[in-house]
Each structure stands twice: as C-alpha cells, then as structure tokens.
Amino acid sequence: VAHTFMAAEAIETEAKKRGWWVKVETRGSVGAGNAITPEEVAAADLVIVAADIEVDLAKFAGKPMYRTSTGLALKKTAQELDKAVAEATPYEPAGKAQTATTEGKKESAGAYRHLLTGVSYMLPMVVAGGLCIALSFAFGIEAFKEPGTLAAALMQIGGGSAFALMVPVLAGYIAFSIADRPGLTPG
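Take the position in the sequence shown, starting the count at 1, then add 3; the result is the number in my numbering.
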C-alpha cells in the first residue's frame with residue numbers, strides 16, 4: 004500500500020526533472036487522492052497507470068495509455084516514463100480488442116492484483132482489531148479474562164470480531180476485484 008504513494012512521488016519528481024506537467028491520482032486505503040478531473044483527462048497527452056490492483060479506467064477511454072506496476076514505477080521511474088512515451092497505445096474499455104502485450108501482462112499479474120485488492124480492503128480491519136487488542140493489554144496482559152470489563156470488551160471486539168472478519172473481507176474484495184460489484188456478495 005505504501006508503494007502507491009512512493010511511486011507517485013517518484014513519478015512526480017522525474018516528470019518535474021523533464022519539465023513535464025503531471026498529475027498523479029493515488030488510491031490507498033482511504034480511497035482516491037488527488038482525483039483527476041474530466042478536464043484534466045481531456046488535456047492529457049499520455050496516461051500512465053502504475054497499479055498493482057484493479058482500477059476503473061473508463062474515464063481514460065481513447066487516451067494513449069501505458070500500464071506498469073508500482074514497483075517498476077518506483078524503482079525504474081525514468082525507464083518507465085521513456086517506455087510510456089514509446090509504447091503507449093490508445094485505451095479501449097473492456098469488451099473491445101486489447102493489445103496482446105496488455106493481455107499478456109494482465110494474465111500473468113491477474114491473481115496477484117486480485118489478491119492485493121483484497122488485502123488493501125482487509126488492512127483497515129486488521130489494524131482496527133490489532134489496536135483493540137493492544138488497548139485491552141493496556142489494562143493488564145491478562146485483564147481481558149475478567150468478564151464484563153472494558154479489557155474483555157476490547158479483546159472481544161479486536162480478537163473475536165475484527166480478526167474473525169478478516170478472511171471474509173479478504174474473500175469478498177478478491178471477488179470484487181474479479182467480478183466488480185456483483186462479485187462482492189458471493190465473495
């Protein structure tokens with residue numbers, strides 16, 4: 004998840020060195036940050052998508068697009084920007100023909116992207132559960148064993164409920180990544 008913001012900073016820095024105007028939209032656990040407007044899309048000469056999870060690209064239809072991972076955008080920023088300029092192809096939304104290279108990349112990284120989408124949605128649940136458990140321990144390492152206490156309630160919320168929901172949230176959002184909203188419920 005931190006790679007998203009580090010890659011965004013690397014792209015902004017490299018673009019500034021080249022004298023390019025760039026706007027980077029990030030997607031973290033809090034949702035989209037620095038959202039790109041339709042006017043900015045219309046004015047864009049090139050769209051670079053550096054993502055390890057599935058993102059909605061419909062607003063970029065018809066724009067020259069280059070897709071890469073956040074890891075490559077972070078570690079090899081200059082090379083990826085050069086490749087983007089050289090290899091970008093007009094984006095066609097799903098259902099239309101896509102280039103063979105894009106399809107090949109999608110197939111090899113598909114499971115990984117779906118898993119990362121699930122993990123990014125599961126992460127807040129894990130953090131909240133861990134914080135509740137830690138707060139429970141603040142009352143004493145075994146204070147949660149006393150029924151009816153705040154420590155017991157915090158342990159039940161964190162260890163019992165939040166951690167019990169980890170796997171269902173992970174499964175639901177993996178399904179969401181694969182099948183969009185209709186996949187969320189069966190997932």
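Just so it is clear, CB atoms sit at the ideal spot from N, CA and C, and this is done for glycine as well. Computed from a predicted model, the values in this text were never measured in an experiment.
Exercise. In terms of alpha-carbon separation, which member of 121, 166 and 90 lies closest to residue 69?
Worked result: 90
For this session: Report all residues from its chain with a CB closer than 8 Å to the CB of residue 103; omit the five preceding and five following residues, and keep chain order.
Result: At residue 103, the pLDDT of 41 sits below 50, so the modelled position is not reliable; the number obtained from the coordinates is stated separately. Closer than 8 Å at Cβ, skipping near neighbours: no residue.
Problem set entry | Helix, strand or coil at residue 133 according to DSSP, with G and I counted as helix | When DSSP states are grouped into helix, strand and coil, residue 133 belongs to the helix group.
Problem set entry | DSSP bridge partner residues for residue 188 (one or two, in chain order) | Its beta-bridge partners do not exist; DSSP assigns none.
For this session: With a cut-off of 8 Å on the beta carbons, I'd call residue 71 and residue 53 a contact; round off their distance for me.
Result: Contact between residue 71 and residue 53 holds, with the beta-carbon distance rounding to 5 Å and staying under 8 Å.
Exercise. Distance, Cα to Cα, residue 187 vs residue 55?
Worked result: 19 Å
Exercise. When the Cα atoms are used, what is the spatial distance from residue 8 to residue 148?
Worked result: 41 Å
For this session: Between the Cα of residue 86 and those of 64, 51 and 60, spot the shortest distance and give me the residue it belongs to.
Result: 51
For this session: Given a cut-off of 8 Å, decide if residue 94 and residue 64 are closer than it, judged by their beta-carbon atoms.
Result: Residue 94 sits close to residue 64, with the two beta carbons spaced by under 8 Å.
Problem set entry | Cutoff 8 Å; reference residue 16; Cβ partners in own chain excluding five residues on either side | 80
Exercise. Mind checking residue 139: buried by the 16 CB within 10 Å criterion, or exposed?
Worked result: buried
Problem set entry | Endpoints, the alpha helix (DSSP H) within which residue 176 is located | 169-182
Problem set entry | Which of helix, strand or coil DSSP assigns to residue 163 | helix
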